[in-house]
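Trainee:
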Amino acid sequence: MKFIAVIPARYASTRFPGKPLAMLGGKPVIQRVYEQAVGALGEAYVATDDERIFNTVEGFGGRAIMTRADHKSGTDRIEEAVTKISSSQEFRDGMADVIINIQGDEPFVQQSQIETLCRLFDDPSTQIGTLGKRFETMEAVENPNSPKIVCDSRGFALYFSRSVIPYVRGKEQGEWFDSYPYLKHLGIYAYRREVLAEITRLPQSPLEKAESLEQLRWLENGYRIRVGITDVETVGIDTPDDLKRAEELCGKLR
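According to my numbering, the residues represented by the sequence shown are -16 to 237, in order.
#1: For residue 103 and residue 198, I'd like the C-alpha separation in whole angstroms.
#2: Is there contact here, the region 200 to 213 with the region 83 to 91, by at least three beta-carbon pairs under 8 Å?
#3: Measure the C-alpha to C-alpha separation of residue 158 and residue 124 and round it to an integer number of angstroms.
#4: Roughly how many angstroms lie between the CA atoms of residue 54 and residue -6, to the nearest whole one?
#5: Using DSSP's beta-bridge definition, name the partner residues of residue 100.
#6: Just to confirm before moving on: does the CB-CB distance between residue 176 and residue 78 stay below 8 Å?
#7: Please report the straight-line C-alpha distance between residue 270 and residue 18, rounded to a whole angstrom.
#8: Do you know whose CA, among 233, 23, 169, 120, lies nearest residue 144's CA?
#9: Which one or two residues does DSSP pair with residue 111 in a beta bridge?
#10: Return yes when the Cβ of residue 24 is within less than 8 Å of the Cβ of residue 239, no when it is not.
#11: Report buried or exposed for residue 137, applying the criterion of at least 16 other Cβ atoms within 10 angstroms of its Cβ.
#12: Is the beta carbon of residue 179 closer than 8 Å to that of residue 61?
#13: From residue 126 to residue 70, what does the alpha carbon distance come to, in whole angstroms?
#14: What does a CB cutoff of less than 7 Å around residue 222 pick up in its chain, not counting 5 residues either side in sequence?
#15: Secondary structure at residue 17, three-state DSSP: helix, strand or coil?
#16: In this structure, does DSSP put residue -13 in helix, strand or coil?
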């Protein structure tokens, strides 16, 4: 089975414009993401609508695909990029079976996380894969910016929410954390090629609009998302302050 990574990267960002090109440990953030992806899978592409990002990626020897500027989500951008990649001469032997979506602001994504995601597709019933990690504190569980997952007994997602789920009935809220293994959603996805094409044609769903979580559109339309468990935390960069913390971490890893 063949896997490739596609990294959606936009220049525009409300909280941190130009963050893919921000320098981290002497390299642009997008280069660090790209190198982590290539190290794990051997093949990666950056999908962008900005010539500055495109030129930077090609400048450090990476592969980049120009996409439209009007995509509403990274998943839509990836589908356009994959369509262009699959029609190129590079893929005379066929396109990848599974596409890994690695966010362009995740410079510390680990090989073990990507490997966990890939192993989910050993089961032919896996259509979409993602990762979850046990929360470490109840305070973190209560943060609406950290989506929660509840899964069934086979590891398929039942629901994602910004609210604290599940509600532990009959106990004080201070006891909830010791009563249930709350699971944090990490925003890295993998899709079978044909499933990616299908889900990008779906209209926004009521649950997606309510929670502002794209993956609920897929669940609401009957697609199944298998969740791999990792003990490795992600370190995303959403703000300039995040970049400062990432710089400190980068220094420790050298």
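Ideal Cβ positions, reconstructed from N, Cα and C, are used throughout, including at glycine.
Mentor: According to the structure shown:
#1: Taking the first residue of the sequence shown as position 1, residue 103 is located at position 120. Taking the first residue of the sequence shown as position 1, residue 198 is located at position 215. Cα to Cα, residue 103 sits roughly 17 Å from residue 198.
#2: no
#3: By one-based count along the sequence shown, residue 158 stands at place 175. By one-based count along the sequence shown, residue 124 stands at place 141. One C-alpha to the other measures close to 13 Å.
#4: For the purposes of this step, residue 54 is taken as the residue at position 71 of the sequence shown. For the purposes of this step, residue -6 is taken as the residue at position 11 of the sequence shown. Answer to the nearest angstrom: the Cα atoms are 13 Å apart.
#5: Within the sequence shown, residue 100 is the residue found at index 117, counting from 1. Note: residue 100 is not bridge-paired with any residue in the DSSP secondary-structure output.
#6: The count along the sequence shown starts at 1 and reaches residue 176 at position 193. The count along the sequence shown starts at 1 and reaches residue 78 at position 95. Cβ atoms of residue 176 and residue 78: closer than 8 Å.
#7: With the chain represented from -16 up to 237, any question about residue 270 goes unanswered, as that position is not in the structure.
#8: Position 161 of the sequence shown, counted from the start, is the residue given in the question as residue 144. Nearest of 233, 23, 169, 120 to residue 144, Cα basis: 169.
#9: The residue given as residue 111 occupies position 128 in the sequence shown. Answer by DSSP bridge pairing, in chain order: 174, 208.
#10: Because the chain spans -16 through 237 in this model, residue 239 falls outside it and cannot be assessed.
#11: The residue labelled residue 137 in the question sits at position 154 within the sequence shown. With fewer than 16 Cβ atoms within 10 Å of its Cβ, residue 137 is classed as exposed.
#12: As a first step, residue 61 must be located in the sequence shown, where it is residue number 78. As a first step, residue 179 must be located in the sequence shown, where it is residue number 196. Cβ distance < 8 Å, so residue 61 and residue 179 count as in contact.
#13: The residue labelled residue 126 in the question sits at position 143 within the sequence shown. The residue labelled residue 70 in the question sits at position 87 within the sequence shown. Roughly 42 Å between the two C-alpha positions.
#14: Residue numbering aside, residue 222 sits at position 239 when the sequence shown is read from its first letter. Once the five neighbours on either side are set aside, the close Cβ partners of residue 222 are -2, -1.
#15: Stepping through the sequence shown from its first residue, residue 17 is reached at position 34. Helix, per DSSP.
#16: As a position in the sequence shown, residue -13 is number 4, starting the count at 1. Residue state for residue -13 is assigned as strand, using DSSP reduced to three classes.
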